[in-house]
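Trainee:
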Amino acid sequence: MNSAIQNNLTKVPETMLIPLRARYNETKRPHGIIRDPKSVEILDRIEPFFEGRREVSILSQMGVAVRTDILDRLTLQFLEKHPNGFVVNLGCGLDTRFHRLDNGKVTWFDLDLPEGIDLRRNFFEESERFHFVAASILDPSWLDLLPKDAPKLFIAEGLLMYFTEEEVHSLLATLAERCPRSEFIFEAMSPRMARHTEQHSDMKGYEAQFKWGIKSGRDLLNWGIKLRFEQEYFYNIHLKKMPWYVALFYQTVARRVMKIVHLTLGEEQLRVA
1233 MNSAIQNNLT
1243 KVPETMLIPL
1253 RARYNETKRP
1263 HGIIRDPKSV
1273 EILDRIEPFF
1283 EGRREVSILS
1293 QMGVAVRTDI
1303 LDRLTLQFLE
1313 KHPNGFVVNL
1323 GCGLDTRFHR
1333 LDNGKVTWFD
1343 LDLPEGIDLR
1353 RNFFEESERF
1363 HFVAASILDP
1373 SWLDLLPKDA
1383 PKLFIAEGLL
1393 MYFTEEEVHS
1403 LLATLAERCP
1413 RSEFIFEAMS
1423 PRMARHTEQH
1433 SDMKGYEAQF
1443 KWGIKSGRDL
1453 LNWGIKLRFE
1463 QEYFYNIHLK
1473 KMPWYVALFY
1483 QTVARRVMKI
1493 VHLTLGEEQL
1503 RVA
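Read in our numbering, the sequence shown has 1290 at position 58, and its numbers run on one by one without any break.
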């Protein structure tokens, strides 16, 4: 691992610093929703090399904490069913999920653009079961790394809202065709939020813009892709661990703004007669 850390992040990769700071703050907060000591270690090391240290809003901090908890639980459910399965963390940024959830058997791929992977190498080392992939999620060649018939889980956290609907459609169609019966869990925002990046206070100063949102994961059933909608999860949980005004926000104004969607790809939706 390198002692000097180069900041070559631009556009979407640069936003990886937002959830890192949020997980750091939540881990430091007494009685927080999550505990992520690896994020604390990373941020303590990275800050001297990144000028203009940025805090994140308490709304974002709680949102990141809740989505982290939901995605962790869904990943653990997958690993309970498929302890030797394959997990691909799309647009991984500085995510630490493998180090929180490793069961000693899973094979894990953290995928991001080259500048993101270069930064990750300062804090993580690859192993026989933990791999880095420097590629765009829209370049299907990385799928060649995965065994055809192995159980697979794809995770997209804080990612797909930066892509157009056409790009998300292409990704889902490719995964459904190439990896039937795989599971896909991802974060999505409402269409209104996707139209108003400027209203998200923590996005100020970043070049990246939101582009895509959905009202419900069920909307994807109309995309002409073979997939099954399993469930969606909103951020109105762990309210007792939030400041009261944040809990009120996630119970009312933002109840359905952000969500985690769980799909099974390459499987037809069950129809009720």
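Even for Gly, the Cβ is constructed at its ideal location relative to N, Cα and C.
Using the Cα positions of Glu1409 and Gly1498, report the straight-line distance between them to the nearest angstrom.
Mentor: 6 angstroms
Trainee: Return yes when the Cβ of Ile1387 is within less than 8 angstroms of the Cβ of Thr1307, no when it is not.
Mentor: In terms of Cβ geometry, Thr1307 and Ile1387 form a close pair [threshold 8 angstroms].
Trainee: Take the Cβ of Arg1413 as the centre, count every other Cβ of all protein chains shown within 10 Å, and call the residue buried at 16 or more, exposed below.
Mentor: exposed
Trainee: Which of the three DSSP states is assigned to Ala1367 in this structure?
Mentor: coil
Trainee: With Lys1491 and Ala1420 assumed to form a contact (beta carbons below 8 angstroms), what rounded beta-carbon distance in angstroms separates them?
Mentor: 6 angstroms
Trainee: Specify the secondary structure class of Val1272 as computed by DSSP and reduced to three states.
Mentor: helix
Trainee: Considering only the beta carbon of each residue, do Phe1416 and Leu1311 sit closer than 8 angstroms?
Mentor: no
Trainee: Distance, Cα to Cα, Ala1505 vs Gly1264?
Mentor: Unreliable placement is indicated for Ala1505, whose pLDDT of 40 sits below 50; no coordinate value is reported for it.
Trainee: Straight-line CA distance for Cys1324 to Phe1341?
Mentor: 9 angstroms
Trainee: Determine the DSSP secondary structure at Met1490, reduced to helix, strand or coil.
Mentor: strand
Trainee: Please state whether the Cβ-Cβ distance between Thr1328 and Lys1384 is less than 8 angstroms.
Mentor: Not in contact: Thr1328 and Lys1384 (Cβ atoms no closer than 8 angstroms).
Trainee: Please go through the region 1302-1368 and give each complete beta strand (DSSP E) segment of 3 or more residues, from N-terminal end onward.
Mentor: 1318-1322, 1339-1344, 1362-1366
Trainee: Determine the contact status of Ser1448 and Glu1462, defining contact as a CB-CB distance below 8 angstroms.
Mentor: no
Trainee: Considering only the alpha carbon of each residue, which of Ala1479, Leu1370, Pro1379, Trp1374 lies closest to Ala1405?
Mentor: Leu1370
Trainee: Under 8 angstroms, do Leu1303 and Glu1357 count as touching if we go by C-beta distance?
Mentor: No, the Cβ-Cβ distance between Leu1303 and Glu1357 is not below 8 angstroms.
Trainee: DSSP on Glu1287, reduced to helix/strand/coil?
Mentor: coil
Trainee: In whole angstroms, what is the alpha-carbon distance linking Met1248 and Ser1368?
Mentor: 15 angstroms
Trainee: For Ala1426, which option in Val1400, Lys1380, Leu1480, Met1393 has the closest C-alpha, if you only look at C-alpha atoms?
Mentor: Met1393
Trainee: Spatial neighbours of Phe1318 within its chain, please: CB distance less than 8 angstroms, with the 5 preceding and 5 following residues excluded, ordered by chain position.
Mentor: Val1338, Thr1339, Trp1340, Phe1341, Leu1378, Pro1379, Ala1382, Pro1383, Lys1384, Leu1385
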